[in-house]
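Numbering (UniProt numbering), first residue to last: 1 to 292. By construction, the Cβ of each residue, glycine as well, lies at the ideal position given by its N, Cα and C atoms. Reviewing the structure listed below.
See below:
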């Protein structure tokens, strides 16, 4: 079950306890630590949903005394995305992954814990069940458009997991994800995201949030980790990176769409934020694409 963007490189795995409770989800990483930073197994029950946002190996078992089997060998042996181990029916689980391009995936992974666990008793459980039931039906139907429908459902599931994390987690460190969850500065973010080419002024953004200039600037920096206009510049560069990966617009045209009066001004800003020139970045992405 894939949700794939162009030149996807960052993987986020999700899991769902579908029938009887799994006694534990035990992580076994290269350094022996559990995925959540604790040595104890994680109980993963019926209806629970989890997101693995870091590259970790783990053991999923109803009994940790059972010798684990490498998952890749299980699925390779049956030549299918569905496999059964043993002849019992202790539990079933549904797993999949969402692939994001390297830049977007890195930004997200930097602000997420390695493991997000959403219990079946959470407020979002109903939405999870509906999405996963639809996903199972799609994969079983083999109807036209199944790949596209499955990808869209996986994307929705991914978003729901992130929403659940934002609504239940402890205060996050300053960053863009915390900023998105802050309703006080949300109007300013919507303005900048909606019209990144505009030369926004601090006064305008503060008024949109019904704050004084000083209060807004302080809250924004505390929440996002950067000043509002620095955030705007970084947002423009994220958009520029995507455009340079995905289309062949002339640099001058791209510069104008992002609010820069000249190609050189855009190039200087891009290099200051990313460390490379737009041309070098585009060429590197082209080479990477041809080699994949």
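If I follow the unbroken alpha helix (DSSP H) through residue i, where does it start and stop?
i, result
"residue 165", "146 to 168"
"residue 45", "First-last for residue 45: undefined, no H or E at that position."
"residue 201", "Per DSSP, residue 201 belongs to no alpha helix (DSSP H) and is neither H nor E."
"residue 118", "Looking at the DSSP string, residue 118 is not in any alpha helix (DSSP H); the run it does join, the beta strand (DSSP E), is 115 to 118."
Keeping to the same chain, check which residues put their C-beta closer than 7 angstroms to that of residue i; ignore five residues upstream and five downstream.
i, result
"residue 239", "196 and 258"
First and last residue of the beta strand (DSSP E) that includes residue i?
i, result
"residue 61", "58 to 61"
Helix, strand or coil for residue i? Go by DSSP, reduced to three states.
i, result
"residue 100", "strand"
"residue 76", "helix"
"residue 285", "helix"
"residue 133", "helix"
"residue 260", "coil"
"residue 194", "helix"
"residue 184", "coil"
Alpha carbon to alpha carbon, what distance is there between residue j and residue i?
i, j, result
"residue 159", "residue 206", "29 angstroms"
"residue 190", "residue 69", "48 angstroms"
"residue 154", "residue 223", "29 angstroms"
"residue 60", "residue 73", "15 angstroms"
"residue 220", "residue 228", "6 angstroms"
"residue 128", "residue 148", "19 angstroms"
"residue 271", "residue 65", "54 angstroms"
"residue 46", "residue 119", "9 angstroms"
"residue 251", "residue 278", "8 angstroms"
"residue 140", "residue 133", "11 angstroms"
"residue 116", "residue 138", "25 angstroms"
"residue 234", "residue 273", "7 angstroms"
Near residue i, which residues of its chain fall below 6 angstroms by C-beta distance, leaving aside the five closest residues on each side in sequence?
i, result
"residue 255", "263 and 266"
"residue 188", "205, 208 and 209"
"residue 124", "160 and 164"
"residue 281", "244"
Spatial neighbours of residue i within its chain, please: C-beta separation below 8 angstroms, excluding the five flanking residues on both sides.
i, result
"residue 173", "111 and 225"
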